[in-house]
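**Q**
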Amino acid sequence: MTLGGEDDQAAPSLRPQSLMFSFLGIYVLHRDIAVYSGSVIDVFARLGVSEEAVRSTLARMVKRNLLTRHRQGRKVYFGLTPHAVEVLEDGRRRVWETGAVNRDWDGTWTVVGFSIPDSRRSTRHDLRSRLIWDGFGLLQSGLWIAPGVKDVTDVLASLDLGDHVTVLTAKAFKPTEAADLVGKAFDIEQIAARYRAFLAQWDVPRPFPGAPDDLARQLLLHTDWLHLVRQDPHLPAEHLPRDWPAIQAERTFQTLAQRYEPPAAGIAATVLDTLPV
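Here the sequence shown is numbered in this note's numbering, starting from 245 and rising by one per residue.
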């Protein structure tokens, strides 16, 4: 995706669906409206996303029970399903409530241990992927940990693992130190590198000068940030380097989000065609 001339910064490599979640979370969630597909296409054109890609994304999200169609005359409007509301609420909480820095950790870890036979390799792969997505790190073979108390019921529900999985909460006990667990189970440098990349993109005098307006910048910013915090296991701040880049990155996100909100909302009000639902 490009947003301007050769001298402009490159936009984040973001899928249309990721941008769509940001758009829906900002302009549709809790508003009791559906939005006309043509106006969604107009918004996404600002981001360099083609009409075909927008229509394909909307259709896929209907199939996944995330969007529902509403017809008025020859126009098709798209509204949120209850499932979409849950997904978008989770994203909102991660951005505005959980945040990027864990300053409230009480020393508790959620521990997931499993031993799954080779005949169910695909299930084992799915479980590992879901644990990583939910903020777990691999401590040692078959033993995963995450800071705080995590409800992994939804992670395990559809995998039918039965007695193959054990879930516990625990605290480190000498000679084990919490800082050692953080270092062993999580790639601290990789996490920090993602935040530094965000800062290089956004903590500059004029982020994305090639973007046509602040509505485009707002959607890029929110999508980039949500993608980042979703990958963050939310490790306890006390066991991270003092110059942890997530602190400055979060300040940057909040400052820019506040800056872009008024002009972006004004543009959206003129572009979006909505229907009460």
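Every residue gets a Cβ at the ideal spot worked out from N, C-alpha and C, and that includes glycine.
Tell me the residue span of the alpha helix (DSSP H) that contains residue 292.
**A** Where residue 292 is concerned, there is no enclosing alpha helix (DSSP H), given that its DSSP letter is neither H nor E.
**Q** Can you tell me which residues form a DSSP beta bridge with residue 384?
**A** DSSP lists 387 as partners of residue 384.
**Q** Assuming contact is defined by CB atoms lying nearer than 7 Å, are residue 491 and residue 429 in contact in what I supplied?
**A** Cβ distance not < 7 Å, so residue 491 and residue 429 don't count as in contact.
**Q** Taking C-beta to C-beta, are residue 309 and residue 478 nearer than 7 Å?
**A** No, the pair does not count as a contact, with Cβ atoms beyond the cut-off.
**Q** Check the C-beta distance from residue 357 over to residue 386 and give it rounded, since I have them as a contact under 8 Å.
**A** About 6 Å; that satisfies the 8 Å criterion.
**Q** Buried or exposed for residue 281, please, with buried defined as at least 16 other CB atoms from any protein chain shown within 10 angstroms of its CB.
**A** By the 10 Å Cβ count, residue 281 comes out buried.
**Q** Which parts of the region 313–383 are runs of the beta strand (DSSP E), unbroken and 3 residues or longer, counting only runs that do not cross its ends?
**A** Taking only runs of at least 3 residues, the beta strand (DSSP E) segments lying wholly in the region 313–383 are 319–324 and 352–358.
**Q** Whole angstroms are fine: how far does the CA of residue 474 sit from the CA of residue 338?
**A** For residue 338 and residue 474, the distance between alpha carbons rounds to 7 Å.
**Q** Does the beta-carbon of residue 493 have 16 or more other beta-carbons within 10 angstroms, so that it is buried, or is it exposed?
**A** Residue 493 is buried by the Cβ-count criterion.
**Q** Could you tell me the distance, in whole angstroms, from the CA atom of residue 350 to the CA atom of residue 332?
**A** Approximately 28 Å, taken between the alpha carbons.
**Q** If you run the structure through DSSP and keep just helix, strand and coil, what is residue 507?
**A** DSSP places residue 507 in helix when its eight states are reduced to three.
**Q** Around the C-beta of residue 412, are 16 or more other C-beta atoms found within 10 angstroms, so that it is buried, or is it exposed?
**A** When all chains shown are included, residue 412 counts as exposed.
**Q** Going by Cα to Cα distance, which pick from 399, 354 and 427 is closest to residue 393?
**A** It is 354.
**Q** Taking the CB atoms as reference points, tell me whether residue 442 and residue 472 lie closer together than 7 Å.
**A** Contact flag set, yes.
**Q** Measuring alpha carbon to alpha carbon, tell me which residue in 383, 384, 382 and 377 is nearest residue 396.
**A** Nearest option by C-alpha distance: 377.
**Q** With DSSP run on the structure shown, which of helix, strand or coil describes residue 248?
**A** Confidence at residue 248 is low in this model, with a pLDDT of 42, below 50, so its placement is unreliable and the value that follows should be read with caution. It is coil, neither helix nor strand.
**Q** In whole angstroms, what is the alpha-carbon distance linking residue 465 and residue 372?
**A** Their backbone Cα atoms lie some 29 Å apart in a straight line.
**Q** Going by beta carbon distance, what residues of the same chain come within less than 6 Å of residue 320, once the five residues before and after it are set aside?
**A** Hits under 6 Å: 281 and 313.
**Q** So is residue 269 buried or exposed if we call it buried at 16+ other beta carbons inside 10 Å?
**A** Per the 10 Å Cβ criterion, buried.
**Q** Identify the residues that DSSP records as bridge partners of residue 415: which are they?
**A** Answer by DSSP bridge pairing, in chain order: 352.
**Q** Nearest by alpha-carbon distance to residue 423: which of 293, 476 and 485 is it?
**A** The residue with the shortest Cα to Cα distance from residue 423 is 485.
**Q** Let me make sure I understand the geometry here. Which of 461, 481, 501 and 499 has the alpha-carbon closest to that of residue 288?
**A** The candidate whose alpha carbon is nearest that of residue 288 is 461.
**Q** By Cβ distance below 8 Å, which residues in the same chain neighbour residue 515 in space, the five residues on each side in sequence not counted?
**A** These residues qualify, in order along the chain: 283, 286, 287 and 459.
**Q** For residue 469, which residues in the same chain have their Cβ closer than 6 Å to its Cβ, ignoring the five residues on either side in sequence?
**A** Cβ within range, chain order: 497.
**Q** Mapping the DSSP letters down to three states, classify residue 278 as helix, strand or coil.
**A** In the structure shown, residue 278 sits in a strand (DSSP, three-state: E or B).
**Q** Among 427, 457 and 302, which has the Cα closest to the Cα of residue 483?
**A** The residue with the shortest Cα to Cα distance from residue 483 is 427.
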